[in-house]
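Position one of the sequence shown corresponds to residue 152 (our numbering), numbered consecutively onward.
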Amino acid sequence: MNQNWGLRGKLLACFSTLAFLIIVSYSTYSYNVIYRTAIDGLDSKLAASAYALNGLIGENAHDTLPSVSDNYESISNKISRFTKKSEIDWAYSTIEKNGKVYYTYINKSDNELASGKYKNWYLEEYKVVPQGLRDAFQTHKIQYEEYEGEFGMWRSVFIPFRNINGEYYVIGVDVALSYLDTVKNQILVQVGIFATIIILLTLLVTYKISIRIVKPLNHLNHVLQGFANGNWDLTREIPTTSHDEIGKITNSFNIFIASLRIRIQEINDGSNSITDTSKQLNNIFDGISDRSTSQAENVRSSATAIEELAASIQSVSGITNSINDQAKQFEVQTQETVTKVDQAVDGMVNVQEGVNELASNLEELDKSANKINTIVSVIKDIADQTNLLALNAAIEAARAGVQGRGFAVVADEVRNLSERTALATVEIENMLKNIHHDTNITSDNMKNSVELVNISTCHANEARSSLISFTDEIISLLNNMEQISNSMQEQSDAAQHLSGSVSCLSISADDNQIATKNSETELTDLNNRTSNLHDIVGQFRL
């Protein structure tokens, strides 16, 4: 098959070819069976007519045969009426004397009945004696034969009877082979109509099945191409229309996208919350820095200013605790995201295993095709041998002359059948080569799919590593926030004692200034990381 064909075209071609081969085989078998049945029915009719003719002529009519028969005319008229009613062409009785065959009684032909001129065939020699008639005299058994006689091609039955003297006479009944030609044509028309209907139904069913297979794959491919082109719309969902392997892959993909959308949304919300809190802390630390500088320069300021500083420190401590709690919650959410990414990696591994299993099935299909190809080769050899045997049979029939003509016809039919068989085996061999070619292409595509899944797994692992690194940064941030909280507590305690010692207040002011600068540095770093995370999340449509 053409490698540019779609999956639907390949399915149609494969199923149509298979249906065609089955129909051809079944039609050939049906034709032979029906034709053989028709022949058997015709032979039964001929035999029944022969027995009836014997009774019509009279079982004693051949006991004594004078040189001139007085009742030939009346018996011939009876036989003529009998042949008309029975729809047979010829009915006659014969005897054998001195190795020659003679007519005794026979029906009148249509031309004789039309002209009114009749020939008396009583004891007239049978010029061209069919082999079946001779065999009936020799074997004393019923003989069926298709032969070319004095008046055309016939299907005949020859039944021997024994008279009172122990002598044998043979009743013959003939039907023109044109009747069989009509039967053959009727059979061919019936088989042709049946084959046409089956092929059309096969094409229709195959087309419907291919649509159900290809449609979900096209949906999935369209979404994946969108992701590959940078369209991170996580709101899209592929409809699941079946419960087979394709439906399971589609359902797993939808679950993965939904879980990823929730995790990204949680990360986005946490990022926004941290950004807002960081801005508040930045403003507060700016105020603390200014006041700490003022306290360092004005150590002997009033106790009111010291109380205001203590209040500010308490406010900063509360905000720091709030940030610490939010950071812990964000850490938990990040850990959950890592878990979901691990689940996604496991799902990709399952997909990889399914693709590998499908590739193994394709290899088994290729092996089966090779086995079929071997069987076809054997059939082809048998057809060649049959052709040679038919040729030899035709040569032997030609040597036999007129007596071998019937056998020559059979030999010719066998030779034609062997030639058609050889042609059919060549066609099957070509089809198997195409199937082998397609399975190789499909296997290569499966290998590419495995490589893509491996790449996706690597990317997911990289994302997991990044999230773990981000979690470590959050833990570091929590430690820093604890340090800030502890520092604020220490400053609050120190502020309560500042009124008693200006020197201690000066030292505490310096400590506050240093701690504030460190906090501002940490906040700046946190803002940068949050901004980067926000930019990444912004690429997804939630």
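Using N, Cα and C, we set each Cβ at its ideal position, and we do this for glycine too. Just so we're clear, the structure is a prediction, and the values are computed from it rather than from any experiment.
(message) Less than 8 Å between the C-beta atoms of R566 and L583, yes or no?
(response) In the sequence shown, counting from the first residue as 1, residue 566 sits at position 415. In the sequence shown, counting from the first residue as 1, residue 583 sits at position 432. Their beta carbons are not under 8 Å apart, which means R566 does not touch L583 by this criterion.
(request) For E247, name the three-state secondary structure that DSSP assigns. (result) In the sequence shown, the residue the question calls residue 247 occupies position 96. Three-state DSSP puts E247 in a strand.
(message) If you measure between the beta carbons of T426 and H685, is that distance less than 8 Å?
(response) Counting from one through the sequence shown, the residue named residue 426 turns up at place 275. Counting from one through the sequence shown, the residue named residue 685 turns up at place 534. Yes, Cβ-Cβ distance for T426 and H685 is below 8 Å.
(request) Whole angstroms is fine: what's the gap from A379's alpha carbon to E578's? (result) Walking along the sequence shown from the start, residue 379 turns up at place 228. Walking along the sequence shown from the start, residue 578 turns up at place 427. One C-alpha to the other measures close to 43 Å.
(message) Please report the distance separating the alpha-carbon of R232 from that of G552.
(response) In the sequence shown, residue 232 corresponds to position 81, counting from 1. In the sequence shown, residue 552 corresponds to position 401, counting from 1. Distance between the alpha carbons of R232 and G552 is about 37 Å.
(request) Confirm, please, whether the CB-CB distance from A534 to S569 is below 8 Å. (result) Mapped onto the sequence shown, residue 569 falls at position 418. Mapped onto the sequence shown, residue 534 falls at position 383. Closer than 8 Å, so yes.
(message) With the cut-off set at 8 Å, would you say N258 and T234 are in Cβ contact?
(response) In the sequence shown, residue 258 corresponds to position 107, counting from 1. In the sequence shown, residue 234 corresponds to position 83, counting from 1. The answer is yes: Cβ separation under 8 Å.
(request) Assign H373 to buried or exposed, taking buried as 16 or more other Cβ atoms, counted over all protein chains shown, within 10 Å of its Cβ. (result) Working through the sequence shown from its first residue, we reach residue 373 at position 222. Per the 10 Å Cβ criterion, exposed.
(message) On the DSSP letters alone, give me the boundaries of the beta strand (DSSP E) that Y319 sits inside.
(response) Taking the first residue of the sequence shown as 1, we reach residue 319 at position 168. Note, Y319: beta strand (DSSP E), Y319 to A327.
(message) Is V356 close to the ligand COA? I mean its beta-carbon at under 7 Å from any heavy atom of the ligand.
(response) Looking at this structure, you won't find the ligand COA or any other ligand, since it has none at all.
(request) Measure the alpha-carbon distance for L432 versus D595 and round it to whole angstroms. (result) Here residue 432 refers to the residue found at position 281 when the sequence shown is read from its first residue. Here residue 595 refers to the residue found at position 444 when the sequence shown is read from its first residue. Approximately 58 Å, taken between the alpha carbons.
(request) Tell me where the beta strand (DSSP E) around S227 begins and ends. (result) The residue labelled residue 227 in the question sits at position 76 within the sequence shown. Where S227 is concerned, there is no enclosing beta strand (DSSP E), although the alpha helix (DSSP H) it sits in stretches over Y223 to S237.
(request) Take Q477 as the anchor and find which of A346, A242 and S422 has the nearest alpha-carbon. (result) The sequence position of residue 477 within the sequence shown is 326, counting from 1. Out of A346, A242 and S422, S422 has the C-alpha closest to the C-alpha of Q477.
(message) Cutting at 6 Å between CB atoms, please list the residues of its own chain near N222, excluding the five before and the five after it.
(response) As a first step, residue 222 is located in the sequence shown; it is residue number 71 there, counting from the start. Cβ neighbours of N222 beyond the five flanking positions: none.
(request) Determine the direct distance from the alpha carbon of K196 to that of G323, and round the result to whole angstroms. (result) For the purposes of this step, residue 323 is taken as the residue at position 172 of the sequence shown. For the purposes of this step, residue 196 is taken as the residue at position 45 of the sequence shown. Spanning the two alpha carbons is a distance of roughly 12 Å.
(request) Please confirm whether A559 and A548 have their CB atoms less than 8 Å apart. (result) Taking the first residue of the sequence shown as 1, we reach residue 559 at position 408. Taking the first residue of the sequence shown as 1, we reach residue 548 at position 397. Yes, Cβ-Cβ distance for A559 and A548 is below 8 Å.
(request) Count the other C-beta atoms from every protein chain shown that fall within 10 angstroms of the C-beta of A409, then say buried if there are 16 or more, exposed otherwise. (result) Here residue 409 refers to the residue found at position 258 of the sequence shown. By the 10 Å Cβ count, A409 comes out exposed.
(message) Rounded to the nearest angstrom, what separates V527 and N262 at their Cα positions?
(response) The residue labelled residue 527 in the question sits at position 376 within the sequence shown. The residue labelled residue 262 in the question sits at position 111 within the sequence shown. Cα-Cα distance, rounded: 56 Å.
(message) Can you tell me where the beta strand (DSSP E) holding G267 begins and where it ends?
(response) For the purposes of this step, residue 267 is taken as residue 116 along the sequence shown, with counting starting at 1. Element bounds for G267: n/a, residue is neither H nor E.
(request) Using only alpha-carbon positions, find the residue among F345, I230 and H213 that is nearest to I239. (result) As a position in the sequence shown, residue 239 is number 88, starting the count at 1. It is I230 whose Cα lies nearest to the Cα of I239.
(message) Quick check on the burial criterion: 16 or more other C-beta atoms within 10 angstroms. Buried or exposed for G157?
(response) Within the sequence shown, numbered from 1, the residue matching residue 157 stands at position 6. Under this definition G157 is an exposed residue.
(request) Kindly confirm or deny that the segment 179 to 194 and the segment 382 to 401 touch, where touching means at least three C-beta pairs closer than 8 Å. (result) no
(request) In the DSSP assignment, find the alpha helix (DSSP H) that holds G283 and state where it starts and stops. (result) The count along the sequence shown starts at 1 and reaches residue 283 at position 132. Looking at the DSSP string, the run of the alpha helix (DSSP H) that includes G283 is Q282 to T290.
(request) Return the residue from the list L284, S225 and F288 that minimises the CA-CA distance to Y269. (result) Here residue 269 is taken as the residue at index 118 of the sequence shown, counted from 1. Nearest of L284, S225 and F288 to Y269, Cα basis: S225.
(message) Can you find the residues in the same chain that come closer than 8 Å, C-beta to C-beta, to V489, ignoring five residues on each side of it along the sequence?
(response) Residue 489 sits at position 338 when you count from the first residue of the sequence shown. These residues qualify, in order along the chain: R615, L618, I619 and T622.
(request) Have a look at R187 and Y177 and give me their C-alpha separation to the nearest angstrom. (result) Indexing the sequence shown from 1 puts residue 187 at position 36. Indexing the sequence shown from 1 puts residue 177 at position 26. If you take the alpha carbons of R187 and Y177, they lie about 15 Å apart.
(request) Please work out which residues of its chain come closer than 8 Å, Cβ to Cβ, to N228, disregarding the five sequence neighbours upstream and downstream, and give them in chain order. (result) What you label residue 228 is simply residue 77 of the sequence shown in a count that begins at 1. Excluding positions up to five away in sequence, the list reads K259.
(message) Here's the rule I'm using: 16 or more other beta-carbon atoms within 10 Å means buried, otherwise exposed. How should G283 be labelled?
(response) Position 132 of the sequence shown, counting from 1, holds the residue named residue 283. By the 10 Å Cβ count, G283 comes out buried.
(request) Count the other CB atoms, across all protein chains shown, that sit within 10 Å of the CB of A586; report buried if there are 16 or more and exposed otherwise. (result) Position 435 of the sequence shown, counted from the first residue, corresponds to residue 586. The sequence given here places Ile at residue 586; Ala does not occur at that position. Counting Cβ neighbours within 10 Å, I586 comes out buried, since at least 16 surround it.
(request) Take N612 and list the residues in its own chain whose beta-carbon comes closer than 7 Å to its own, dropping the five residues that flank it on each side. (result) Stepping through the sequence shown from its first residue, residue 612 is reached at position 461. These residues qualify, in order along the chain: V496.
(request) Name the one or two DSSP bridge partners that F171 has. (result) Taking the first residue of the sequence shown as 1, we reach residue 171 at position 20. In the DSSP output, where bridge partners are listed per residue, F171 has none listed.
(message) If we require 4 or more residues per run, which alpha helix (DSSP H) segments fall completely within the segment 187 to 222?
(response) none
(message) DSSP three-state label for E388, please.
(response) What you label residue 388 is simply residue 237 of the sequence shown in a count that begins at 1. Coil.
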